Amino acid sequence: MRKQDMNRDWIATARTLSQALPYMQRYSGARVVIKLGGHAMGSDEAMATFAADVVLMRQVGVNPVIVHGGGPMINAMLEKLDIKSEFVNGKRVTDKATMDVVEMVLSGLVNKRIVQAINAQGGRAVGLSGKDANLIECIPTDPALGLVGTPNKMDPRILETLFAQEMIPVIAPLGSGANGETYNINGDTAAGAIAGALKADRLLLLTDVSGVKNAEGEVVTEMTAAQIREMTADGTIAGGMIPKTETALDAIASGVRAVVILDGRAPNACLLELFTDHGAGSIIRR
Numbered sequence: 063m064r065k066q067d068m069n070r071d072w073i074a075t076a077r078t079l080s081q082a083l084p085y086m087q088r089y090s091g092a093r094v095v096i097k098l099g100g101h102a103m104g105s106d107e108a109m110a111t112f113a114a115d116v117v118l119m120r121q122v123g124v125n126p127v128i129v130h131g132g133g134p135m136i137n138a139m140l141e142k143l144d145i146k147s148e149f150v151n152g153k154r155v156t157d158k159a160t161m162d163v164v165e166m167v168l169s170g171l172v173n174k175r176i177v178q179a180i181n182a183q184g185g186r187a188v189g190l191s192g193k194d195a196n197l198i199e200c201i202p203t204d205p206a207l208g209l210v211g212t213p214n215k216m217d218p219r220i221l222e223t224l225f226a227q228e229m230i231p232v233i234a235p236l237g238s239g240a241n242g243e244t245y246n247i248n249g250d251t252a253a254g255a256i257a258g259a260l261k262a263d264r265l266l267l268l269t270d271v272s273g274v275k276n277a278e279g280e281v282v283t284e285m286t287a288a289q290i291r292e293m294t295a296d297g298t299i300a301g302g303m304i305p306k307t308e309t310a311l312d313a314i315a316s317g318v319r320a321v322v323i324l325d326g327r328a329p330n331a332c333l334l335e336l337f338t339d340h341g342a343g344s345i346i347r348r
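According to this note's numbering, the sequence shown holds residues 63 to 348 in order.
And the structure:
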């Protein structure tokens with residue numbers, strides 16, 4: 063018989079699993095909405111790692127919902143089809159031709175890639191858009207931007223049905239208008255609206271930075287809505303972080319328990335946030 067040594071890596075793994083147990087119990091049955099951006103879809107390896115994390119979450123009783131973007135893929139397809147875009151105040155105008163490409167890329171190419179990655183890891187994912195079962199009804203964000211929408215009315219019953227079947231919804235950020243139009247929705251905005259409709263326990267906004275930083279450039283691990291407003295007013299929160307923190311504040315006002323802004327490029331970022339003592343990124347509570 064071969065003697066098997068208990069090396070330190072094995073012991074550390076067992077200790078980590080043991081320490082995760084209270085958090086697994088804490089989140090059993092919880093709804094966790096995850097906004098997945100292009101940074102986490104950049105490679106097959108990153109996608110597989112993310113998918114495995116989501117399947118593990120579902121395995122221990124969490125109800126994850128994935129809301130994804132796809133800006134780089136949309137840009138590449140528009141360029142390939144030689145469709146020129148107009149911009150108003152730095153934002154792309156979504157006309158009918160652009161909207162057709164947006165829907166094709168988001169609901170088709172990107173959505174199904176995520177679904178396949180999760181299913182390949184042993185999960186049961188279902189691809190949707192906000193148009194399915196009237197999940198998201200929109201109003202125009204700004205008439206000058208064309209078919210860009212802001213969620214106005216939510217009906218999350220389709221998600222409740224999928225939770226009951228232990229399935230993982232993967233949602234493209236598209237919505238319907240009152241007259242049957244299709245609207246393109248900012249991915250963070252769609253994720254926040256869905257999290258609010260579900261009264262989710264957590265909204266995880268995966269970004270390409272480590273979290274919200276203070277004036278010294280250090281990540282602030284815990285924040286309140288009041289601190290967010292103060293840091294925005296004094297210019298500490300600026301640029302691309304402003305819409306993310308605004309999404310966080312809107313989600314919390316809608317009933318989401320907490321929002322976490324974290325680096326989606328870090329391996330196992332979602333597991334670190336949910337199932338460890340130290341978490342990851344910046345958590346924002348009421």
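Glycine included, C-beta positions come from ideal geometry on N, C-alpha and C.
Model, not experiment: these values are computed from the prediction.
| Asked | Found |
| --- | --- |
| Inter-residue spacing [alpha-carbon to alpha-carbon] between residue 142 and residue 209 | 21 Å |
| Exposed unless 16 or more other CB atoms sit within 10 angstroms - verdict on residue 344 | buried |
| Residue closest to residue 151, alpha-carbon to alpha-carbon, out of 92, 206 and 111 | 206 |
| Residue 121, buried or exposed, once every other Cβ within 10 Å from all chains shown has been counted against 16 | exposed |
| Candidates 336, 128 and 203, of which the one nearest residue 176 by Cα | 128 |
| Strand pairing of residue 320, partner residues [DSSP] | 264 |
| Rounded distance between the beta-carbons of residue 211 and residue 218, thought under 8 Å | Incorrect: roughly 17 Å between the Cβ atoms, too far for contact. |
| Residue of 136, 86, 272 and 87 minimising C-alpha distance to residue 327 | 272 |
| DSSP three-state assignment for residue 154, whether helix, strand or coil | strand |
| Residue 183, buried or exposed, once every other Cβ within 10 Å from all chains shown has been counted against 16 | buried |
| Buried or exposed by the 16-neighbour rule on C-beta atoms within 10 Å, applied to residue 93 | buried |
| Under the three-state DSSP convention, the category residue 300 falls into | coil |
| Top-ranked residue by Cα proximity to residue 248, from 125, 318, 132 and 285 | 132 |
| Classification of residue 169 by the beta-carbon crowding that lies within 10 angstroms, buried from 16 upward | buried |
| Short Cβ contact (8 Å threshold) for residue 192 with residue 230 | no |
| Element boundaries [beta strand (DSSP E), containing residue 215] | 211-216 |
| Residue 274 and residue 299 closer than 8 Å at C-beta | yes |
| Cβ-Cβ separation, residue 308 to residue 324 (assumed contact under 8 Å), whole Å | Not quite, the Cβ-Cβ distance comes to about 17 Å (not below 8 Å), so this is no contact. |
| Simplified DSSP assignment, three categories, for residue 232 | strand |
| Span separating the alpha-carbon of residue 85 from that of residue 197 | 30 Å |
| Reference residue 303; option with closest CA among 315, 313, 290 and 314 | 290 |
| Anticipated Cβ contact below 8 Å, residue 232 with residue 190, distance rounded | 7 Å |
| Which listed residue (338, 292 and 95) has its alpha carbon closest to that of residue 87 | 338 |
| Own chain, CB closer than 8 Å to residue 390, minus 5 neighbours either side, in chain order | Only positions 63 to 348 of the chain appear in the structure, and residue 390 is not among them; the question remains open. |
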